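Structure, as structure tokens:
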Amino acid sequence: MKFYIETVGCQMNALDSELAAAELMAAGWERLDSRKDADLIIFNTCSVREHAEEKIYSALGRLKHWRTQKPGSLVCVMGCMAQKDKDVVFQRAPYVDVVVGPGKIDQLVALVEAAAATGTPQIAVGVDRFEQKADRQTIKESFRLYDPIRLPQARQRTFQAMVRIMFGCDKLCSYCVVPSVRGPEQSRSPKEILDEVKTLADQGCVEVTLLGQTVNSYRYRENGKTTRLADLLAMIDGVSGIRRVRFVSSYPTDMTDELLQAVRDLPSAMPYLHVPAQHGANSTLKRMRRHYTVEQYRELVDRIYETIPGAAITSDFIVGFSGETEDEFLQTVDLVRYARFKNSFIFKYSVRPGNEASRIYVDDVPEEVKKRRNNELLAVQNEISAELNKSFLGREVEILVEGPSKRESRSVAQEETLYAECEQTETPSEQPTTPEGITSVGELLATAAPNGTVQLTGRTECDRIVVFNGPREMAGTFQRVRVVDTAPFTLFGELL
Ligand code: SF4
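The sequence shown begins at 14 in my numbering and counts up one residue at a time.
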């Protein structure tokens, strides 16, 4: 039996897809790179934006014929939308066989087998913390994943891996659905995390990214001792083979001096911090129920740059949130100019039914205003990104080679991952590619690639993408390159 998995959403979803794939592969299923010939099609979904959900429903609609005509075929919806919409999925697409929430992925194989054997739909989701009467422990356990199976072949790149250190979120930002679809905040034990990192290192992994909705809130208490993220970084720094560690996403008020010093001092901790500000006006931050002021955020930015020389900071922003005035928007522009982010992921506000903002605020900023503000903020950010990248011209940097560039690898992509807004957002598809981006200089480099080389990409310590020509086999190795050209989101290099 063969399966295909399509992922939308954040890095947490990408990790869930890897774990689900590993589970199926361990049970004897074969993974395919496309839907063609699949017996089981899985959609790993995102609920952060309405657009992402509607895309899934359209994709499900297109599968109706396939599902009803091909004997033995199965369709599974997993992830945040599965948790949030539960029965709605079956109503809108009655031919779906399995609905599985993000906290129940360990049951995937059993659910798929039960659906295949009985022909009846199967569902497993966590306890709804806002609707069902249950004690906190029961709710927590219903969202706690099993010890993950880390099969290298289930990962996109064997030398890089994500490691979940926390589940859920308790910040309860008014616009967000994550606290309801991923449950209450809970940290995994340091031992469990360390064992997993060691397993990954044994499998040849050299870079790990620690994941949590608010990763720097990590706190695990055992035998009277509290382990925080800074302690965890120090423990992982001692794991032989792991040369780079990143963590996403950070919540501004939980960024302690101790953590910043750990990033500065530990050789494996990379000077890259994703700290979503979301907005630059206190009045909007209050409506968003973010627990800080813009002054506190600016102070944090100062502290990061003072503590970690050369640090790259990135942020998320929502434009057009309920009640956002032009003046409030301009304060966000001011913050972007002040913080000089490496890049920002900017999204137009989208109402999510069921959360606090949808109940108490009106989505009153017209779509065209949201669009304009999005473009204006993006233009300011692009200008800053371009300036920061220009400062790399002529410099030598060490990169971890990730493999062929997007263009080279498009045909061999294992899965189509459409990133959407979320605290762990990494590469949102909606960010327009820079006009002078990879297309111009990159093409030049690609056409000039000598025989036996392809256009490769790698990442610097501060998470900048470098495009250069080199042999395909270089993927997974550390190399030094000299930066010969720059664009707002890309550096172009020559192998040294
Ligand atoms: S936006 Fe982030 S911090 Fe806020 S509730 Fe959602 S996941 Fe938690």
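We treat Cβ as the ideally placed atom computed from N, Cα and C, and that holds for glycine.
Since we're looking at a predicted model, the values are computed, not measured.
*asked:* Taking 7 Å as the cut-off, is the beta-carbon of residue 107 closer than that to any non-hydrogen atom of ligand 1?
replied: no
*Check whether the Cβ atoms of residue 342 and residue 386 sit closer than 8 Å, and answer yes or no.*
yes
_Nearest neighbour of residue 31, chosen from 97, 165, 254 [CA to CA]_ = 165
*Are the beta-carbon atoms of residue 324 and residue 284 separated by less than 8 Å?*
yes
*Check whether the Cβ of residue 191 lies closer than 7 Å to any heavy atom of ligand 1, and answer yes or no.*
yes
*Mapping DSSP to helix, strand and coil, what is residue 64?*
helix
*Is it right to say residue 236 is buried, meaning 16 or more other beta carbons lie within 10 angstroms of its own, or is it exposed?*
exposed
*Which residues bound the alpha helix (DSSP H) around residue 274?*
270-278
*Is the beta carbon of residue 405 sitting closer than 8 Å to the one on residue 470?*
no
*Note down the Cα distance separating residue 74 from residue 95, rounded to an integer number of angstroms.*
16 Å
*Give every residue of the same chain whose Cβ lies closer than 7 Å to the Cβ of residue 231, excluding the five residues on either side of it in the sequence, and list them in chain order.*
178, 179, 200, 225, 241, 242, 245
*Taking buried to mean at least 16 other C-beta atoms within 10 Å of its own C-beta, is residue 289 buried or exposed?*
buried
*To which residues does DSSP link residue 361 through a beta bridge?*
332
*Would residue 326 pass as a contact of residue 286 if the rule is Cβ separation under 8 Å?*
yes
*Which one or two residues does DSSP pair with residue 174 in a beta bridge?*
221
*Contact between the segment 31-44 and the segment 59-79: three or more CB pairs below 8 Å?*
no
_the segment 82-91 / the segment 47-61 touching (three or more Cβ pairs under 8 Å)_ = yes
*Going by beta carbon distance, what residues of the same chain come within less than 8 Å of residue 187, once the five residues before and after it are set aside?*
300, 301, 302, 368, 369, 370, 373, 374
*What is the rounded straight-line gap between the Cα of residue 361 and the Cα of residue 463?*
43 Å
_Helix, strand or coil, according to DSSP, for residue 25 in the structure here?_
helix
_Can you give me the C-alpha to C-alpha distance between residue 204 and residue 344, rounded to a whole angstrom?_
43 Å
*Neighbourhood of residue 137 by C-beta, 8 Å cutoff - its chain only, sequence neighbours within 5 removed*: 112, 113, 114, 117, 120, 124
*When every heavy atom of ligand 1 is checked, does at least one fall within less than 7 Å of the C-beta of residue 185?*
yes
*Is residue 226 near ligand 1, judged by its Cβ being under 7 Å from some heavy atom?*
yes
*Closest residue to residue 477 among 77, 79, 413, 82 (Cα-Cα distance)*: 413
*asked:* Let's see if you can read the secondary structure: which residues bound the alpha helix (DSSP H) around residue 238?
replied: Careful: residue 238 lies outside any alpha helix (DSSP H), inside the beta strand (DSSP E) at 238-241.
*Drop a sphere of 10 angstroms on the beta-carbon of residue 98, count the other beta-carbons inside from all chains shown, and report buried for 16 or more, exposed for fewer.*
buried
_Cα-Cα separation, residue 310 to residue 304_ = 10 Å
_Outcome for residue 234 when other beta-carbon atoms lying within 10 angstroms are tallied against a minimum of 16_ = exposed
*Of the residues 475, 483, 184, which one's Cα is nearest the Cα of residue 5?*
No answer is possible for residue 5: the residues shown for the chain start at 14 and end at 509.
*Given that a residue counts as buried once 16 or more other Cβ atoms are within 10 Å of its Cβ, and exposed if not, what is residue 509?*
exposed
*List the whole-angstrom C-beta distance separating residue 152 from residue 163, where the pair is believed to meet the contact cut-off of C-beta under 8 Å.*
Between residue 163 and residue 152 the Cβ distance is about 27 Å, and since that is not below 8 Å, they are no contact.
*To the nearest angstrom, report how far apart residue 251 and residue 35 are at their CA atoms.*
27 Å
*Can residue 493 and residue 389 be called in contact, C-beta distance under 8 Å?*
no
*For residue 143, name the three-state secondary structure that DSSP assigns.*
coil
*residue 478, enclosing beta strand (DSSP E) - first and last residue*: 478-483
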